[in-house]
Amino acid sequence: MPSGTVIPPSTQLGWRETSSLSGTGLTIGVLAMQGAFVEHVRVLTKLGATVREVRLPRDLDGLDGIILPGGESTTIGKLLEAWGVLVPLRSAIARGLPTWGTCAGAILMARDVTDTLPGQPLLSVMDISVRRNAFGRQVQSFETVIVIDGMDTDVPFPAMFIRAPKIESVGPGATAIATLDDGTIVAARQGTWLATSFHPELTSDARFHAWFLDIARANLEHSSDPGFAGAAMP
Ligand code: GLN
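Under the numbering used here, read the sequence shown as residues 898 to 1131, first letter to last.
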């Protein structure tokens, strides 16, 4: 999201109090090259996680999960490549690092992207096809509520779309977990990987972040099981 983006008034309400401190004991990276990364840091910190801004390959060491923020995927991709993070990040994710891409982050994760710029560097790890800017321009940004399959609540989630991608299809490895009323897929999961077209970090609802932390914790506990040989893919 470019600087100067107007955040709708509904999201400027106070923080919705949550008693969850689901992040305690987890170290979560937030890719901090461009875009809405500060907002993710803020929510994760509120949830008790140790948060590390990721800009260099060494910042990936010892993470229990990583969030790839919204912003401009072409810019983030170029910086990932220029700062030497693209290849090690792709490897870490492919080895099973819990990863959540919001908007531009979801574009970076997708194996198949329509309307990319020529040569746009991408991580290309997740079994989803996305179309960039599929809901139109910045002025066509909108907010709605959706139900997320697998999140442990039926209370609809506020979802904000800003020059968002559509998830046009999910491959056999991934599952659609949220759709709009017209059937458009706006969130998907593949094991410990999540992709959302929308921006939970720009609302005052921390449930999506708490859910990602639950996934990261379960993965950590699973990988420390004796006999766990390391996951090639989630
Ligand atoms: N349209 C942007 C892109 O292609 C994504 C917008 C966003 O992250 N809010 O990267």
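Note that CB positions come from ideal geometry on N, CA and C, so glycine has one too.
Relative to the non-hydrogen atoms of the ligand GLN, the Cβ of Ala1061 comes within a distance shorter than 7 Å of at least one. Relative to the ligand GLN, Arg939 has its C-beta separated by 7 Å or more from all heavy atoms. Ile1045 is the residue among Ile1064, Ile1045 and Asp1049 whose C-alpha sits nearest the C-alpha of Pro1055. In the three-state reduction of the DSSP assignment, Ala1007 falls in the strand class, which pools E and B. DSSP, read as helix, strand or coil, puts Leu923 in coil. In this structure, the CA atom of Leu976 is about 7 Å from the CA atom of Met930. For Glu969 and Thr921, the gap between their C-alpha atoms comes out near 30 Å.
Sequence-distant Cβ neighbours of Arg1060 in its own chain, meaning closer than 6 Å and more than five residues away, are Asn1030 and Gln1035. Contact check for Val938 against Val951 fails: the beta carbons are separated by 8 Å or more. The Cβ atoms of His1096 and Met1057 sit closer than 8 Å to each other.
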